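Novice:
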Amino acid sequence: MARKIRVLIVDDSASVRQVMTQILSADPDIEVMGAASDPFMAAKKIQEEIPDVITLDVEMPRMDGITFLRKLMAQRPIPVVMCSSLTEAGSETLMQALEAGAVDIILKPKIAAADHLAETASMIREAVKGAAAARLGSARRRIFTAAEPTAKLTADAVLPPPSGRAMAKTTEMIVCVGASTGGTEALREMLTALPANTPGMVIVQHMPEKFTAAFAKRLNSLCDVEVKEAEHGDAVLRGHVLIAPGGKHMLLERQGARYVVAIKDGPLVSRHRPSVDVLFRSAARSAAANAMGVIMTGMGDDGARGMKEMHDAGAFTLAQDEESSVVFGMPKEAIAHGGVDRTVGLDQIAREILAADKRR
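Right under this line is the structure:
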């Protein structure tokens with residue numbers, strides 16, 4: 454049995470600290486070692502005992518969370534999950550947090566309908582576990598090996614499996630990408646290496662709603678390709694990248710000789726919404742050999758089953774390797790399911806996409 458993940462909660466709201474403590478303590482693999490109302494109190498606690506993960510508020514008295522994060526990463530790197538309210542302005546700030554070294558982003562829990570709070574709690578615990586397994590710098594953390602938790606829904610909850618009939622290569626290639634923990638920076642590195650005439654791309658990055666719009670806007674300012682948060686009915690075009698909106702599933706659908714995306718509500722699939730499994734299954738059904746699948750750094754197994762379905766339908770599939778992954782969870786599971794044609798480093802993914810496009 455691996456020891457519990459020790460978490461320090463840093464938030465100026467007493468009610469948020471209380472709810473976060475209840476949510477995290479309910480998981481047998483997590484132990485809340487303490488809470489602090491501001492970064493100065495947090496620094497004192499870290500001197501006494503180093504946590505495995507810190508959940509960190511953005512706006513706090515005496516010192517804001519981003520400043521504290523930068524100081525922490527410079528002096529004593531510890532996996533940090535940023536905790537924020539659901540605001541457009543806050544989402545822009547959190548992009549800075551990811552660039553400063555935060556592992557993930559979660560929404561502050563709200564006492565609302567029981568099913569909403571249950572979903573939020575599940576995502577908070579998953580984010581903390583992903584952070585605990587994250588590699589910071591050159592050292593890989595191995596303090597936690599998750600046993601398979603409670604039953605989770607598969608892509609069957611959103612759409613039926615592929616028919617099994619192979620589809621010929623009749624259109625331009627569509628690239629389908631899935632990522633989670635560590636994916637924001639990995640996607641930035643991959644997308645900035647692609648030219649403007651790159652095949653159309655659809656991406657699921659596990660991220661809360663609102664934040665995906667800011668993430669897409671940030672990438673668009675850095676890349677030669679056009680990047681935007683996907684809207685229902687958007688066409689998948691060469692030189693364009695569509696990122697699934699947080700809190701919604703994104704499916705690939707074929708309309709004649711072109712592809713569009715459908716944005717849908719639905720239950721958590723593989724504990725996520727958007728889910729990589731949902732996107733990949735839709736690609737297996739609608740694009741088959743016209744698609745390419747890429748699975749990148751992330752905790753858990755979302756995308757593993759969907760990638761196998763893409764592979765079996767004739768798509769070329771790629772996984773990020775362990776050395777370049779912040780968390781080698783999703784790629785490892787996809788490989789184990791037998792759905793990966795090739796495993797490469799992060800710096801080679803863009804090259805593989807362009808090479809696959811040339812082979813068509």
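Using the numbering used here, read the sequence shown as starting at 454 and increasing by one per residue.
All residues carry an ideal CB built from backbone N, CA and C; glycine is no exception.
On a predicted model such as this, the values are computed, not experimentally measured, just so you know.
With H, G and I counted as helix, E and B as strand and the rest as coil, what does DSSP make of I802?
Specialist: What you label residue 802 is simply residue 349 of the sequence shown in a count that begins at 1. In this structure, I802 counts as helix in the three-state DSSP scheme.
Novice: If you pair each beta-carbon of the segment 776–785 with each one of the segment 664–680, do three or more pairs fall below 8 Å?
Specialist: No, they do not touch.
Novice: Does DSSP put A455 in a helix, a strand or coil?
Specialist: Position 2 of the sequence shown holds residue 455. Three-state DSSP puts A455 in coil, outside helix and strand.
Novice: What is the DSSP secondary structure of V780, reduced to helix, strand or coil?
Specialist: Taking the first residue of the sequence shown as 1, we reach residue 780 at position 327. In the structure shown, V780 sits in coil (DSSP, three-state: anything other than H, G, I, E or B).
Novice: Quick one: grab the DSSP three-state call for T796.
Specialist: Your numbering for residue 796 matches position 343 in the sequence shown. T796 falls in the strand class under three-state DSSP.
Novice: Assuming K831 contacts R726 (C-beta within less than 8 Å), just tell me the rounded distance between them.
Specialist: The structure shown does not extend to residue 831, since the chain is modelled only from 454 through 813, so no value can be given for it.
Novice: Could you compute how far the alpha carbon of D718 sits from the alpha carbon of K663?
Specialist: As a first step, residue 718 is located in the sequence shown; it is residue number 265 there, counting from the start. As a first step, residue 663 is located in the sequence shown; it is residue number 210 there, counting from the start. Between D718 and K663, the C-alpha separation is close to 15 Å.
Novice: Tell me the DSSP secondary structure of K681 in three-state form.
Specialist: Residue 681 sits at position 228 when you count from the first residue of the sequence shown. Strand.
Novice: Whole angstroms are fine: how far does the CA of Q773 sit from the CA of G798?
Specialist: For the purposes of this step, residue 798 is identified with residue 345 of the sequence shown, where counting begins at 1. For the purposes of this step, residue 773 is identified with residue 320 of the sequence shown, where counting begins at 1. If you take the alpha carbons of G798 and Q773, they lie about 6 Å apart.
Novice: Considering only residues of the same chain and omitting the five flanking positions on each side of V680, which have a CB-CB separation below 6 Å?
Specialist: Here residue 680 is taken as the residue at index 227 of the sequence shown, counted from 1. Contacts found: A669, L672, N673, V694.
Novice: Quick one: Cα of P530 to Cα of D677, how far?
Specialist: For the purposes of this step, residue 530 is taken as the residue at position 77 of the sequence shown. For the purposes of this step, residue 677 is taken as the residue at position 224 of the sequence shown. Cα-Cα distance, rounded: 32 Å.
Novice: Express the C-alpha separation of D800 and I627 in angstroms, rounding to a whole number.
Specialist: Position 174 of the sequence shown holds residue 627. Position 347 of the sequence shown holds residue 800. Straight-line Cα distance between these residues: approximately 20 Å.
Novice: May I ask you to report which of helix, strand or coil DSSP gives A574?
Specialist: For the purposes of this step, residue 574 is taken as residue 121 along the sequence shown, with counting starting at 1. Correct three-state label for A574: helix.
Novice: Cα-Cα, which of R707, S723, M752 is closest to A736?
Specialist: Here residue 736 is taken as the residue at index 283 of the sequence shown, counted from 1. Of R707, S723, M752, the residue nearest in Cα terms is R707.
Novice: With a threshold of 16 other CB atoms inside 10 Å of the CB of H685, please say whether the residue is buried or exposed.
Specialist: To locate residue 685, count along the sequence shown from 1; it is residue 232. With fewer than 16 Cβ atoms within 10 Å of its Cβ, H685 is classed as exposed.
Novice: Taking the alpha-carbon of S575 as reference, which of A555, P661, A639, N650 has the nearest alpha-carbon?
Specialist: Translated into the one-based positions of the sequence shown, residue 575 becomes position 122. If we check each option's Cα against that of S575, P661 comes out closest.
Novice: Let me check understanding here. Comparing Cα to Cα, which of R738, R588, S728, D480 lies closest to G767?
Specialist: In the sequence shown, counting from the first residue as 1, residue 767 sits at position 314. Comparing Cα-Cα distances from G767 to each of R738, R588, S728, D480, the minimum goes to R738.
Novice: Could you tell me which of Q528, P615, L732 sits nearest to A715, measuring between CA atoms?
Specialist: Locating residue 715 in the sequence shown gives position 262, counting from the first residue. Taking only the C-alpha atoms, the option nearest A715 is L732.
Novice: Using the C-alpha atoms, what's the distance from M513 back to F493?
Specialist: Against the sequence shown, residue 493 aligns to sequence position 40. Against the sequence shown, residue 513 aligns to sequence position 60. Straight-line Cα distance between these residues: approximately 11 Å.
Novice: Looking only at its own chain, which residues have a Cβ that is under 7 Å from the Cβ of R459, when we skip the five neighbours before and after it?
Specialist: Counting from 1 along the sequence shown, the entry for residue 459 is found at position 6. So the list reads E484, M486, P504, D505, once near-sequence residues are dropped.
Novice: Let me check one thing: in DSSP terms, what residues is E484 bridge-paired to?
Specialist: Here residue 484 refers to the residue found at position 31 when the sequence shown is read from its first residue. In DSSP, E484 forms a bridge with R459.
Novice: Only counting the same chain, and skipping five residues up and downstream in sequence, which positions put a Cβ closer than 6 Å to that of M535?
Specialist: Within the sequence shown, residue 535 is the residue found at index 82, counting from 1. Cβ within range, chain order: L509, L547, A550, A555, I558.
Novice: Does the distance from the CB of I656 to the CB of V630 come in under 8 Å?
Specialist: Counting from 1 along the sequence shown, the entry for residue 656 is found at position 203. Counting from 1 along the sequence shown, the entry for residue 630 is found at position 177. It is a contact, given that the beta carbons lie within the stated cut-off.
Novice: Taking C-alpha atoms, which residue in L560, L807, D755, A808 lies nearest to A789?
Specialist: Position 336 of the sequence shown, counted from the start, is the residue given in the question as residue 789. Closest by alpha carbon: D755.
Novice: When we look at the beta-carbon of R470 and count the other beta-carbons within 10 Å, is it buried (16 or more) or exposed?
Specialist: By one-based count along the sequence shown, residue 470 stands at place 17. Burial call: buried.
Novice: Run the proximity test for V780: is its beta-carbon closer than 7 Å to any non-hydrogen atom belonging to the ligand GTP?
Specialist: Here there are no bound small molecules, and the ligand GTP is not part of this structure.
Novice: My guess is that R578 and D480 are in contact by the Cβ rule of under 8 Å, so how many angstroms apart are they, rounded?
Specialist: Your numbering for residue 578 matches position 125 in the sequence shown. Your numbering for residue 480 matches position 27 in the sequence shown. Between D480 and R578 the Cβ distance is about 5 Å, and since that is below 8 Å, they are a contact.
Novice: Just curious, the beta strand (DSSP E) that V694 is in, first and last residue?
Specialist: Locating residue 694 in the sequence shown gives position 241, where the first residue counts as 1. Where V694 is concerned, the enclosing beta strand (DSSP E) stretches over 693–696.
Novice: Whole angstroms are fine: how far does the CA of L525 sit from the CA of T573?
Specialist: Residue numbering aside, residue 573 sits at position 120 when the sequence shown is read from its first letter. Residue numbering aside, residue 525 sits at position 72 when the sequence shown is read from its first letter. About 27 Å.
Novice: Under a Cβ-count criterion, where at least 16 other Cβ atoms within 10 Å of its own Cβ denotes burial, should Q658 be classed as buried or exposed?
Specialist: In the sequence shown, residue 658 corresponds to position 205, counting from 1. By the neighbour-count rule (16 or more Cβ atoms within 10 Å), Q658 is buried.
Novice: Below 8 Å between beta carbons: does that hold for D465 and M473?
Specialist: Residue mapping note: residue 465 aligns to position 12 of the sequence shown, counting from 1. Residue mapping note: residue 473 aligns to position 20 of the sequence shown, counting from 1. No, these two residues do not count as a Cβ contact at 8 Å.
Novice: Have a look at R758 and L647 and give me their C-alpha separation to the nearest angstrom.
Specialist: The sequence position of residue 758 within the sequence shown is 305, counting from 1. The sequence position of residue 647 within the sequence shown is 194, counting from 1. Roughly 27 Å separates the two Cα atoms.
Novice: Between G653 and T520, what straight-line distance do the alpha-carbon atoms span, to the nearest angstrom?
Specialist: Within the sequence shown, numbered from 1, the residue matching residue 653 stands at position 200. Within the sequence shown, numbered from 1, the residue matching residue 520 stands at position 67. Rounded to whole angstroms, G653 to T520 spans 37 Å at the Cα level.
Novice: Closest by CA to L675, which one among G699, G751, E638?
Specialist: Indexing the sequence shown from 1 puts residue 675 at position 222. If we check each option's Cα against that of L675, E638 comes out closest.
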